[in-house]
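Chemist: Quick one: this structure, given as structure tokens, is what I'll be asking you about.
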Amino acid sequence: MIIISDVVKSYGNAGNKNQVLRGISLRIADGDFVVILGASGSGKSTLLNVISGLEPPDKGSVVYGTSDITKLSDEKLTQFRKDNIGFIFQQYYLLPNMTVEKNVRMGADLIGNREYRKMINAVGLADKAGKYPSELSGGEQQRVSVARALAKKPKALFLDEPIGALDEQTGRQVLDYICGLHKEAGFTMVMVTHNQNIAEMANTVVKMNSGKVSEVYTNKTRKNAYEIGW
Amino acid sequence: MVVGMKDAAKLVSISMIAGCAVFVCTLFLNYNMDIASMKDEVTTEVGMAMYQAQVLTGKVTALVSGGCLAVTSVIMLLFYVKNYIDTHGRELGILKALGYSGLKIAKHFWVFGLSVFAGCVLGYTLAFLYMPSFYKLQNTDHLFPEIEARFHPLLAFLLIGAPAMAFSVLAIIYACLRLKCPVLDLLKEKYVYKIKVSKRATKDIPFLKNLAGSTVRERKTLAFFTAFSAFCFSAMTQMSMSMKDLSSETMAVMMITIGLLLAFITLFLSLSSVVKGNTKTIAMMRIFGYKYSDCFKAVLGGYRPFSYMGFVIGTVYQYTLLKIAVEVVFADVDNIPEYHFDLKMCAVTVVLFVLTYEMVMYGYAQRIKRLPIKSVMLE
Chain R
0 MIIISDVVKS YGNAGNKNQV LRGISLRIAD GDFVVILGAS GSGKSTLLNV
50 ISGLEPPDKG SVVYGTSDIT KLSDEKLTQF RKDNIGFIFQ QYYLLPNMTV
100 EKNVRMGADL IGNREYRKMI NAVGLADKAG KYPSELSGGE QQRVSVARAL
150 AKKPKALFLD EPIGALDEQT GRQVLDYICG LHKEAGFTMV MVTHNQNIAE
200 MANTVVKMNS GKVSEVYTNK TRKNAYEIGW
Chain V
0 MVVGMKDAAK LVSISMIAGC AVFVCTLFLN YNMDIASMKD EVTTEVGMAM
50 YQAQVLTGKV TALVSGGCLA VTSVIMLLFY VKNYIDTHGR ELGILKALGY
100 SGLKIAKHFW VFGLSVFAGC VLGYTLAFLY MPSFYKLQNT DHLFPEIEAR
150 FHPLLAFLLI GAPAMAFSVL AIIYACLRLK CPVLDLLKEK YVYKIKVSKR
200 ATKDIPFLKN LAGSTVRERK TLAFFTAFSA FCFSAMTQMS MSMKDLSSET
250 MAVMMITIGL LLAFITLFLS LSSVVKGNTK TIAMMRIFGY KYSDCFKAVL
300 GGYRPFSYMG FVIGTVYQYT LLKIAVEVVF ADVDNIPEYH FDLKMCAVTV
350 VLFVLTYEMV MYGYAQRIKR LPIKSVMLE
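Going down the list, the sequences are from chains R and V.
First residue of the first sequence: 0, per numbering that gives the first Met the number 0; consecutive thereafter.
First residue of the second sequence: 0, per numbering that gives the first Met the number 0; consecutive thereafter.
Quick look at the structure:
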């Protein structure tokens, strides 16, 4: 369980302060698929960064089990991310001078996972393991970043607009891979998006507006990547 | 336009290296030209032997130091031009897309020659200011009549105007060649990573080891600079210590100053470029949970062997050069002390080098620690 309590985050200095998160409180159950939905500037990416321990909040707490990550030192927070967290970004951020296999090893080597090739196979890139990112399409690159994130077997996976840079067909394909792997491995998944249709795939939907949670609901029926609108 | 004076000002390292090269060359070549005019006045046999030894020393020093520094400056210039195009690919791509030809854009790279011009003027001026003392030093035994430093316009042109022009032309040609690629490649900054499928890429090497290797392979020029930096440190420090006995303390101070200046400039340049060029990689590694020490080892650790290799080459180089100078060039001159390899001095230099190098590396490790991991997401 991830318990987020009264999180406040601002940017800028005293004279020009922009409060991005205004007292957010949430509970995310283990293994849940949560979509954080909101328009641009609503604070959803900042919330994702705070929950995942990429940046500290000004106020409030983020508790994983019994551990409040906002109180951890930088070294312990790094260890925490290593042991628990996986990331997928809109821009993939693959290492351009490394092959698909080496990129996936970036995640796998952290936990000594020798079966990283299984992950490459799972995202359908077995035949492209020796290719460099610039030789791949956008969808393939995002699949590499999925494999890289999951190769370290995270307990929680955070996705920031993972299909924002992809076309419809590729986007559906990537979402399908991600959801399939989520079902199989059972990790907690938190995805930030502005696409309302994707919310229909999630179990829990958190709607954000101007730095606040405006609505939280659970989908009674969940759609798959090929059933949602675009 | 994209390239401006501000960008040329950033090439301060080239200015300093060019300055050092011109300083050394001006001193020795100007002296050679001045003593040549009074060759007939040298009547004694010892004086003649000294004259010939000094002329040869001047030529060798100018050729070796000037040549070595000039080659370094050229490599550095090419590195800067490449780096500029790599980091400004989008702007340059837009210009090309708008219809500017590669040559038209490349022409603006002439300003990079200004950095060489500034360095050359500085080196030449400093050499002229130091020349009276240098001339006295060269004639401490009064084997020649009093020599006055004279201004030689041709030498001034060859050491200031010609290099500046040559470097401007070189920058334009190289930029033109680098810009000879499809507009889309520039816009997407595709050319930055050329695909070279090495045998290592297919081997089962751990990620960190692989990253360290590929970081070096991606930036071979920086490996050269790292080695060159250690080479300067080793050669010039040890040579300057020997110079105290073989020549004078002033020469020793001059040599160690130039050596250390070059060593630190090139080391800072290469390490800064490595860290800057790997910001995203470091940020991603930190996001994934790699420790600072892992990031540091993967990004900078690969350059350490080159550094130590440069040190060894520098030691061999300085020993060979001084041995040749003493046993061949000054063979006919009296009162030249014998030269032997000084193991104690070498050991002291090794310790100094290791301490300095590791301290600089520690500084960069701290810099890596300060890199905000969020930076990767802000782009």
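Beta carbons are placed, not taken as given, at the ideal position from N, Cα and C, and that holds for glycine.
Note the first and the last residue of the continuous alpha helix (DSSP H) segment covering Asp-6/V.
Modeler: Within the second sequence, numbered from 1, the residue matching residue 6/V stands at position 7. From DSSP, the alpha helix (DSSP H) with Asp-6/V extends over 4-8.
Chemist: For Val-21/V, which residues from the same chain have a beta carbon less than 6 Å from its beta carbon, with the 5 sequence-adjacent residues on both sides left out?
Modeler: Translated into the one-based positions of the second sequence, residue 21/V becomes position 22. Taken in chain order, the residues that qualify are Cys-119, Gly-122, Tyr-123 and Leu-158.
Chemist: Could you tell me the boundaries of the beta strand (DSSP E) in which Thr-217/R lies?
Modeler: Translated into the one-based positions of the first sequence, residue 217/R becomes position 218. Unbroken beta strand (DSSP E) run through Thr-217/R: 211-217.
Chemist: Assign Lys-290/V to one of three DSSP states: helix, strand, or coil.
Modeler: If you number the second sequence from 1, residue 290/V lands on position 291. If DSSP states are grouped into helix, strand and coil, Lys-290/V belongs with coil.
Chemist: For the segment 159-216 of chain R, list the alpha helix (DSSP H) runs that are entirely contained and at least 4 residues long, ordered along the chain.
Modeler: The qualifying runs are 167-184.
Chemist: Which complete alpha helix (DSSP H) runs does the segment 212-279 of chain V hold, if anything under 4 residues is left out?
Modeler: Segments of the alpha helix (DSSP H) lying fully in the segment 212-279 of chain V: 219-245 and 248-276.
Chemist: Compare the C-beta of Pro-181/V against all C-beta atoms of chain R and say whether one is closer than 9 Å.
Modeler: Reading the second sequence from its first residue, position 182 is the one you call residue 181/V. Pro-181/V does not count as touching chain R.
Chemist: Only counting the same chain, and skipping five residues up and downstream in sequence, which positions put a Cβ closer than 6 Å to that of Ser-228/V?
Modeler: Taking the second sequence and counting its residues from 1, the one referred to as residue 228/V is at position 229. Hits under 6 Å: Ala-262, Thr-265 and Leu-266.
Chemist: Any residues in the segment 104-119 of chain R with a beta carbon nearer than 8 Å to a beta carbon of chain V? Which ones, in chain order?
Modeler: Cβ contacts with chain V come from Arg-104, Met-105, Gly-106, Ala-107, Asp-108 and Leu-109.
Chemist: If you measure from the beta carbon of Leu-416/V to each beta carbon in chain R, is any gap under 9 Å?
Modeler: Since the displayed chain V opens at 0 and closes at 378, residue 416/V lies outside it and no answer follows.
Chemist: Could you pull the DSSP bridge partners for Asn-17/R from this structure?
Modeler: Residue numbering aside, residue 17/R sits at position 18 when the first sequence is read from its first letter. Per DSSP, Tyr-10/R.
Chemist: Using a Cβ-Cβ cut-off of 6 Å (strictly less than) and excluding sequence neighbours within five positions of Lys-206/R, which residues of its own chain qualify?
Modeler: Reading the first sequence from its first residue, position 207 is the one you call residue 206/R. Correct list, in chain order: Leu-36, Ser-213 and Glu-214.
Chemist: Using the Cβ count rule (16 or more neighbours within 10 Å means buried), how would you classify Lys-181/R?
Modeler: Residue mapping note: residue 181/R aligns to position 182 of the first sequence, counting from 1. The sequence as given places His at residue 181/R; Lys does not occur at that position. So His-181/R ends up on the buried side.
Chemist: On the DSSP bridge list, what partners appear for Leu-25/R?
Modeler: Counting from 1 along the first sequence, the entry for residue 25/R is found at position 26. BP columns for Leu-25/R point to Ile-3/R.
Chemist: By alpha-carbon positions, which one of Glu-326/V, Arg-285/V and Met-4/V ends up nearest to Met-105/R?
Modeler: Here residue 105/R is taken as the residue at index 106 of the first sequence, counted from 1. Comparing Cα-Cα distances from Met-105/R to each of Glu-326/V, Arg-285/V and Met-4/V, the minimum goes to Arg-285/V.
Chemist: My understanding is that Ile-257/V touches Met-238/V, with C-beta atoms under 8 Å, so please give their C-beta distance in whole angstroms.
Modeler: Walking along the second sequence from the start, residue 257/V turns up at place 258. Walking along the second sequence from the start, residue 238/V turns up at place 239. Contact doesn't hold; Cβ gap of about 10 Å is too wide.
Chemist: For Arg-142/R, decide whether its Cβ has a neighbour in chain V, counting only Cβ atoms nearer than 9 Å.
Modeler: Here the question's residue 142/R lines up with position 143 in the first sequence. Not closer than 9 Å to any Cβ of chain V, the Cβ of Arg-142/R fails to qualify, so no.
Chemist: For Pro-162/V, which residues from the same chain have a beta carbon less than 6 Å from its beta carbon, with the 5 sequence-adjacent residues on both sides left out?
Modeler: The count along the second sequence starts at 1 and reaches residue 162/V at position 163. The answer, listed in chain order, is Val-115 and Cys-119.
Chemist: Touch check for the segment 122-140 of chain V and the segment 96-109 of chain V: three-plus C-beta pairs under 8 Å?
Modeler: Counting Cβ pairs under 8 Å, fewer than three are found: no touch.
Chemist: So, do the segment 33-42 of chain V and the segment 77-96 of chain V have three or more beta carbon pairs nearer to each other than 8 Å?
Modeler: No contact exists between the segment 33-42 of chain V and the segment 77-96 of chain V.
Chemist: List the whole-angstrom C-beta distance separating Phe-230/R from Ile-84/R, where the pair is believed to meet the contact cut-off of C-beta under 8 Å.
Modeler: No answer is possible for residue 230/R: the residues shown for chain R start at 0 and end at 229.
Chemist: Could you tell me whether the Cβ of Asn-82/V comes closer than 9 Å to any Cβ of chain R?
Modeler: Here residue 82/V is taken as the residue at index 83 of the second sequence, counted from 1. No, its Cβ sits nowhere closer than 9 Å to a Cβ of chain R.
Chemist: Terminal residues of the continuous alpha helix (DSSP H) containing Phe-27/V?
Modeler: Within the second sequence, numbered from 1, the residue matching residue 27/V stands at position 28. Per DSSP, Phe-27/V belongs to the alpha helix (DSSP H) from 11-35.
Chemist: Assuming the contact rule is C-beta atoms closer than 8 Å, Asp-159/R and Leu-47/R should be a hit. Round their C-beta distance to whole Å, please.
Modeler: The residue given as residue 159/R occupies position 160 in the first sequence. The residue given as residue 47/R occupies position 48 in the first sequence. Rounded, the Cβ-Cβ distance is 6 Å, consistent with contact.
Chemist: For Phe-78/V, decide whether its Cβ has a neighbour in chain R, counting only Cβ atoms nearer than 9 Å.
Modeler: To locate residue 78/V, count along the second sequence from 1; it is residue 79. Closer than 9 Å: no.
Chemist: Residues of chain R with CB under 7 Å from Lys-279/V, in chain order?
Modeler: Taking the second sequence and counting its residues from 1, one reaches residue 279/V at position 280. Within 7 Å Cβ-Cβ: Tyr-92.
Chemist: Using the rule of at least 16 other Cβ atoms within 10 Å of the residue's Cβ for burial, across every protein chain shown, is Ser-408/V buried or exposed?
Modeler: For chain V, the structure presents residues 0 to 378; residue 408/V sits outside this window and is missing.
Chemist: Have a look at Thr-280/V, Phe-287/V, Ile-312/V and Phe-310/V and flag the residue whose alpha-carbon is nearest the alpha-carbon of Ala-379/V.
Modeler: Since the first residue shown for chain V is 0 and the last is 378, residue 379/V is missing from the structure and cannot be characterised.
Chemist: Taking the DSSP output, what are the residues bridged to Ser-66/R?
Modeler: Sequence index remark: in the first sequence, residue 66/R carries index 67 (1-based). For Ser-66/R, which the question treats as bridged, DSSP gives the partners Tyr-63/R.
Chemist: Determine, using beta carbons only, whether Leu-186/V and Phe-224/V come nearer to each other than 9 Å.
Modeler: To locate residue 186/V, count along the second sequence from 1; it is residue 187. To locate residue 224/V, count along the second sequence from 1; it is residue 225. No, these two residues do not count as a Cβ contact at 9 Å.
Chemist: Is Cys-24/V closer than 9 Å to Leu-260/V when the C-beta atoms are compared?
Modeler: Numbered from 1 along the second sequence, position 261 holds the residue referred to as residue 260/V. Numbered from 1 along the second sequence, position 25 holds the residue referred to as residue 24/V. No; because the gap between Cβ atoms is not below 9 Å, this pair is not in contact.
Chemist: Of all Cβ atoms in chain V, is any one closer than 9 Å to the Cβ of Met-97/R?
Modeler: As a first step, residue 97/R is located in the first sequence; it is residue number 98 there, counting from the start. Cβ-Cβ to chain V under 9 Å: yes for Met-97/R.
Chemist: Is Leu-178/V helix, strand or coil when you go by DSSP?
Modeler: Position 179 of the second sequence holds residue 178/V. Three-state DSSP puts Leu-178/V in coil, outside helix and strand.
Chemist: How is the beta strand (DSSP E) around Phe-86/R delimited, first residue to last?
Modeler: Within the first sequence, the letter at position 87 stands for residue 86/R. Counting along the chain, the beta strand (DSSP E) containing Phe-86/R begins and ends at 84-88.
Chemist: Taking 9 Å as the threshold (beta carbon to beta carbon), is Phe-206/V in contact with chain R?
Modeler: For this step, residue 206/V is matched to residue 207 along the second sequence. It does; some Cβ of chain R falls within 9 Å.
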